[in-house]
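Engineer: If you scroll down you'll find the structure; I have some questions about it.
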Amino acid sequence: MRIPRVYQPGPLHSGTRTPLSDDSFAHLIRVLRLAEGDSVILFNGEGSEYAGQLVEVGKKQALVQIDSELTPAVESPLRIHVGQAISRGERMDYAVQKASEMGLAQLTPLFTERCEVRLNQERQEKRQRHWQQVAVSACEQSLRTRIPVIAEPEPLQQWLTGVDAELKLVLHHHTAQPLGAFARPASVALLIGPEGGLTEEEVQQALDAGFQPVAFGPRVMRTETAPVAASAILQYLWGDLG
(Lines of atoms letter the chains of each structure in order from A and count residues from 1; the text may use other names and numbers.)
(Lines give C-alpha, C1' and ligand atoms only; values in the text may rest on other atoms or scores of the structure.)
Protein backbone atom coordinates (compact mmCIF):
# COMPACT_ATOMS: atom_id res chain seq x y z
CA MET A 1 0.00 0.00 0.00
CA ARG A 2 1.25 3.48 -0.85
CA ILE A 3 2.38 5.43 2.19
CA PRO A 4 0.10 8.46 2.77
CA ARG A 5 1.78 11.75 1.94
CA VAL A 6 0.56 15.12 3.26
CA TYR A 7 1.57 18.75 3.30
CA GLN A 8 2.75 19.88 6.72
CA PRO A 9 3.59 23.60 6.91
CA GLY A 10 6.41 24.75 9.16
CA PRO A 11 9.91 23.48 9.99
CA LEU A 12 10.59 19.74 9.66
CA HIS A 13 13.76 17.97 10.83
CA SER A 14 14.94 14.37 11.10
CA GLY A 15 14.96 12.96 14.60
CA THR A 16 12.20 15.23 15.89
CA ARG A 17 8.51 14.92 16.63
CA THR A 18 6.00 17.30 15.09
CA PRO A 19 2.26 17.69 15.71
CA LEU A 20 0.08 17.26 12.64
CA SER A 21 -1.70 20.33 11.32
CA ASP A 22 -5.48 20.34 11.58
CA ASP A 23 -5.86 19.50 7.89
CA SER A 24 -3.31 16.68 8.02
CA PHE A 25 -4.89 15.27 11.18
CA ALA A 26 -8.33 15.29 9.59
CA HIS A 27 -7.09 13.50 6.49
CA LEU A 28 -4.77 10.95 8.07
CA ILE A 29 -6.63 10.12 11.27
CA ARG A 30 -10.30 10.82 10.58
CA VAL A 31 -10.49 9.96 6.90
CA LEU A 32 -7.77 7.32 6.40
CA ARG A 33 -8.09 6.11 10.01
CA LEU A 34 -4.37 5.64 10.51
CA ALA A 35 -3.14 4.60 13.93
CA GLU A 36 0.01 4.70 16.03
CA GLY A 37 2.89 2.99 14.23
CA ASP A 38 1.59 3.68 10.73
CA SER A 39 4.05 5.22 8.28
CA VAL A 40 3.51 8.66 6.76
CA ILE A 41 5.43 11.10 4.57
CA LEU A 42 5.39 14.82 5.28
CA PHE A 43 6.56 17.73 3.13
CA ASN A 44 6.55 21.45 3.82
CA GLY A 45 7.04 22.85 0.33
CA GLU A 46 10.74 23.66 0.79
CA GLY A 47 12.12 20.91 -1.48
CA SER A 48 12.37 17.86 0.77
CA GLU A 49 10.05 15.23 2.18
CA TYR A 50 10.24 13.44 5.51
CA ALA A 51 9.48 9.81 6.30
CA GLY A 52 8.17 8.99 9.75
CA GLN A 53 5.64 7.19 11.91
CA LEU A 54 2.57 8.26 13.82
CA VAL A 55 2.98 8.36 17.60
CA GLU A 56 0.71 9.52 20.40
CA VAL A 57 -2.48 9.59 18.36
CA GLY A 58 -5.28 11.27 20.29
CA LYS A 59 -8.80 12.46 19.57
CA LYS A 60 -7.72 15.91 18.40
CA GLN A 61 -3.99 15.70 17.84
CA ALA A 62 -1.25 13.31 16.75
CA LEU A 63 2.52 13.45 16.59
CA VAL A 64 4.81 12.20 13.84
CA GLN A 65 8.26 10.89 14.69
CA ILE A 66 10.39 11.97 11.73
CA ASP A 67 13.00 9.35 10.89
CA SER A 68 14.65 10.58 7.69
CA GLU A 69 14.80 13.39 5.15
CA LEU A 70 14.64 12.71 1.42
CA THR A 71 15.27 15.08 -1.50
CA PRO A 72 13.67 13.50 -4.58
CA ALA A 73 14.42 15.13 -7.95
CA VAL A 74 10.83 15.96 -8.88
CA GLU A 75 10.90 19.73 -9.45
CA SER A 76 11.38 21.14 -12.93
CA PRO A 77 14.32 23.43 -13.76
CA LEU A 78 11.87 25.54 -15.80
CA ARG A 79 9.95 28.13 -13.80
CA ILE A 80 6.48 28.71 -15.29
CA HIS A 81 4.34 31.63 -14.12
CA VAL A 82 0.82 31.57 -15.57
CA GLY A 83 -1.35 34.66 -15.73
CA GLN A 84 -4.81 33.10 -15.92
CA ALA A 85 -8.02 35.00 -16.57
CA ILE A 86 -10.44 34.00 -13.81
CA SER A 87 -13.10 31.52 -14.88
CA ARG A 88 -16.11 30.24 -13.01
CA GLY A 89 -16.17 27.49 -10.37
CA GLU A 90 -14.65 24.17 -11.31
CA ARG A 91 -12.99 25.52 -14.46
CA MET A 92 -10.55 27.59 -12.41
CA ASP A 93 -10.04 24.75 -9.95
CA TYR A 94 -9.18 22.44 -12.84
CA ALA A 95 -6.66 24.91 -14.27
CA VAL A 96 -4.94 25.34 -10.91
CA GLN A 97 -4.94 21.63 -10.10
CA LYS A 98 -3.65 20.30 -13.40
CA ALA A 99 -1.10 23.07 -13.97
CA SER A 100 0.25 22.37 -10.47
CA GLU A 101 0.64 18.71 -11.36
CA MET A 102 2.56 19.78 -14.47
CA GLY A 103 5.14 21.70 -12.45
CA LEU A 104 3.67 25.21 -12.25
CA ALA A 105 5.71 27.64 -10.12
CA GLN A 106 3.15 30.44 -9.79
CA LEU A 107 -0.32 31.33 -11.00
CA THR A 108 -1.82 34.81 -10.86
CA PRO A 109 -5.60 35.03 -11.36
CA LEU A 110 -6.39 37.97 -13.65
CA PHE A 111 -9.33 40.26 -14.25
CA THR A 112 -9.69 40.91 -17.99
CA GLU A 113 -12.26 42.77 -20.07
CA ARG A 114 -14.20 39.62 -20.98
CA CYS A 115 -13.77 37.97 -17.59
CA GLU A 116 -17.24 37.05 -16.31
CA VAL A 117 -16.20 36.75 -12.67
CA ARG A 118 -16.38 39.76 -10.36
CA LEU A 119 -15.15 39.42 -6.79
CA ASN A 120 -15.17 41.83 -3.88
CA GLN A 121 -12.17 41.86 -1.55
CA GLU A 122 -13.63 39.30 0.86
CA ARG A 123 -14.48 36.85 -1.91
CA GLN A 124 -11.10 37.41 -3.56
CA GLU A 125 -9.32 36.39 -0.37
CA LYS A 126 -11.59 33.38 0.08
CA ARG A 127 -11.11 32.19 -3.51
CA GLN A 128 -7.34 32.70 -3.30
CA ARG A 129 -7.16 30.52 -0.18
CA HIS A 130 -9.29 27.90 -1.91
CA TRP A 131 -7.12 27.85 -5.04
CA GLN A 132 -3.99 27.62 -2.89
CA GLN A 133 -5.43 24.56 -1.17
CA VAL A 134 -6.24 23.05 -4.58
CA ALA A 135 -2.56 23.49 -5.47
CA VAL A 136 -1.48 21.90 -2.18
CA SER A 137 -3.68 18.86 -2.78
CA ALA A 138 -2.32 18.53 -6.32
CA CYS A 139 1.23 18.51 -4.97
CA GLU A 140 0.37 15.87 -2.38
CA GLN A 141 -0.95 13.61 -5.14
CA SER A 142 1.78 14.31 -7.72
CA LEU A 143 4.69 13.92 -5.27
CA ARG A 144 5.90 17.48 -5.73
CA THR A 145 8.07 18.94 -2.96
CA ARG A 146 7.39 22.63 -3.65
CA ILE A 147 3.99 24.34 -3.59
CA PRO A 148 3.08 26.71 -6.43
CA VAL A 149 2.25 30.25 -5.32
CA ILE A 150 -1.34 31.24 -6.09
CA ALA A 151 -1.06 35.00 -6.06
CA GLU A 152 -3.66 37.60 -5.19
CA PRO A 153 -5.98 38.32 -8.15
CA GLU A 154 -5.06 41.50 -10.01
CA PRO A 155 -5.97 43.45 -13.17
CA LEU A 156 -4.33 42.32 -16.39
CA GLN A 157 -2.43 45.56 -17.00
CA GLN A 158 -0.93 45.46 -13.51
CA TRP A 159 0.32 41.91 -14.06
CA LEU A 160 1.73 42.69 -17.51
CA THR A 161 3.89 45.50 -16.17
CA GLY A 162 5.07 43.64 -13.07
CA VAL A 163 5.73 40.03 -14.11
CA ASP A 164 9.37 39.01 -14.51
CA ALA A 165 10.52 36.14 -16.77
CA GLU A 166 13.15 35.45 -19.42
CA LEU A 167 10.47 34.60 -21.98
CA LYS A 168 6.98 36.09 -21.96
CA LEU A 169 4.28 34.45 -24.08
CA VAL A 170 0.65 35.26 -24.84
CA LEU A 171 -1.59 32.59 -26.32
CA HIS A 172 -2.88 33.99 -29.58
CA HIS A 173 -4.26 31.57 -32.18
CA HIS A 174 -3.83 34.08 -35.02
CA THR A 175 -0.05 33.71 -34.97
CA ALA A 176 2.03 31.03 -36.65
CA GLN A 177 5.16 31.65 -34.61
CA PRO A 178 6.54 28.28 -33.37
CA LEU A 179 8.04 27.77 -29.94
CA GLY A 180 11.14 26.34 -31.55
CA ALA A 181 12.03 29.87 -32.67
CA PHE A 182 12.86 30.88 -29.10
CA ALA A 183 16.09 30.19 -27.21
CA ARG A 184 15.81 27.93 -24.15
CA PRO A 185 14.71 30.05 -21.16
CA ALA A 186 15.00 29.39 -17.43
CA SER A 187 11.64 31.03 -16.77
CA VAL A 188 8.44 31.61 -18.75
CA ALA A 189 5.47 33.90 -18.12
CA LEU A 190 2.38 32.66 -19.96
CA LEU A 191 -0.74 34.79 -20.42
CA ILE A 192 -4.03 32.93 -20.93
CA GLY A 193 -7.26 34.76 -21.64
CA PRO A 194 -10.86 34.07 -20.56
CA GLU A 195 -13.44 31.89 -22.30
CA GLY A 196 -14.21 34.66 -24.77
CA GLY A 197 -10.54 35.35 -25.38
CA LEU A 198 -8.45 38.47 -24.87
CA THR A 199 -9.53 41.58 -26.74
CA GLU A 200 -7.29 42.90 -29.49
CA GLU A 201 -6.43 45.82 -27.21
CA GLU A 202 -5.36 43.43 -24.43
CA VAL A 203 -3.23 41.41 -26.84
CA GLN A 204 -1.57 44.63 -27.96
CA GLN A 205 -0.97 45.61 -24.33
CA ALA A 206 0.79 42.26 -23.83
CA LEU A 207 2.91 42.78 -26.95
CA ASP A 208 3.82 46.27 -25.78
CA ALA A 209 4.92 44.75 -22.45
CA GLY A 210 7.36 42.42 -24.22
CA PHE A 211 5.17 39.33 -24.65
CA GLN A 212 5.57 37.18 -27.75
CA PRO A 213 2.45 35.76 -29.46
CA VAL A 214 2.38 31.98 -29.71
CA ALA A 215 -0.11 29.25 -30.66
CA PHE A 216 0.05 25.67 -29.42
CA GLY A 217 -1.48 24.13 -32.53
CA PRO A 218 -4.39 24.85 -34.89
CA ARG A 219 -7.24 24.30 -32.43
CA VAL A 220 -8.63 26.78 -29.90
CA MET A 221 -8.57 25.39 -26.36
CA ARG A 222 -10.86 26.21 -23.48
CA THR A 223 -9.43 28.56 -20.90
CA GLU A 224 -9.02 25.77 -18.31
CA THR A 225 -7.39 23.42 -20.84
CA ALA A 226 -4.85 25.92 -22.16
CA PRO A 227 -2.54 26.15 -19.09
CA VAL A 228 -2.37 22.37 -18.82
CA ALA A 229 -1.58 21.76 -22.49
CA ALA A 230 0.81 24.71 -22.63
CA SER A 231 2.62 23.61 -19.45
CA ALA A 232 3.08 20.10 -20.86
CA ILE A 233 4.58 21.48 -24.08
CA LEU A 234 6.86 23.91 -22.26
CA GLN A 235 8.05 21.22 -19.85
CA TYR A 236 8.72 18.88 -22.78
CA LEU A 237 10.75 21.50 -24.65
CA TRP A 238 12.63 23.16 -21.82
CA GLY A 239 11.75 21.40 -18.56
CA ASP A 240 11.87 17.80 -17.41
CA LEU A 241 9.18 15.96 -19.39
CA GLY A 242 10.13 13.53 -22.11
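Numbering (the numbering used here), first residue to last: 9 to 250.
Every residue gets a Cβ at the ideal spot worked out from N, C-alpha and C, and that includes glycine.
Taking the alpha-carbon positions, what's the Arg-25 to Gly-60 distance?
Structural biologist: Position 17 of the sequence shown, counted from the start, is the residue given in the question as residue 25. Position 52 of the sequence shown, counted from the start, is the residue given in the question as residue 60. Using only the alpha carbons, I get a separation of about 9 Å.
Engineer: Please determine if the stretch 136-144 and the stretch 170-186 are in contact, where contact requires at least 3 C-beta pairs separated by less than 8 Å.
Structural biologist: Result no; under three Cβ-Cβ pairs closer than 8 Å.
Engineer: Going by DSSP, what residue range makes up the alpha helix (DSSP H) through Thr-169?
Structural biologist: Position 161 of the sequence shown, counting from 1, holds the residue named residue 169. Unbroken alpha helix (DSSP H) run through Thr-169: 164-170.
Engineer: Are the stretch 77-88 and the stretch 33-41 in contact at 8 Å, needing three or more beta carbon pairs?
Structural biologist: Flag = no, the stretch 77-88 and the stretch 33-41 do not touch.
Engineer: The ligand ATP and Glu-124: does any heavy atom of the ligand fall closer than 7 Å to the residue's C-beta?
Structural biologist: The model on display carries no ligand, and the ligand ATP is accordingly not part of it.
Engineer: Where does Ala-197 sit, in a helix, a strand or coil, going by DSSP?
Structural biologist: Indexing the sequence shown from 1 puts residue 197 at position 189. If DSSP states are grouped into helix, strand and coil, Ala-197 belongs with the strands.
Engineer: Bridge partners for Thr-231 per DSSP, in chain order?
Structural biologist: Sequence index remark: in the sequence shown, residue 231 carries index 223 (1-based). Paired residues: none, contrary to the question.
Engineer: Taking just the CA atoms, how far does Val-65 sit from Gly-247?
Structural biologist: Reading the sequence shown from its first residue, position 239 is the one you call residue 247. Reading the sequence shown from its first residue, position 57 is the one you call residue 65. Going from the Cα of Gly-247 to the Cα of Val-65 covers about 41 Å.
Engineer: Measuring only the C-alpha atoms, how far is Glu-203 from Leu-50?
Structural biologist: On the sequence shown, residue 203 is found 195 positions in, with the first residue counted as 1. On the sequence shown, residue 50 is found 42 positions in, with the first residue counted as 1. Cα to Cα, the separation comes out at about 37 Å.
Engineer: I want to know whether the stretch 204-214 touches the stretch 184-193 - three or more CB-CB distances under 8 Å.
Structural biologist: No, the stretch 204-214 does not touch the stretch 184-193.
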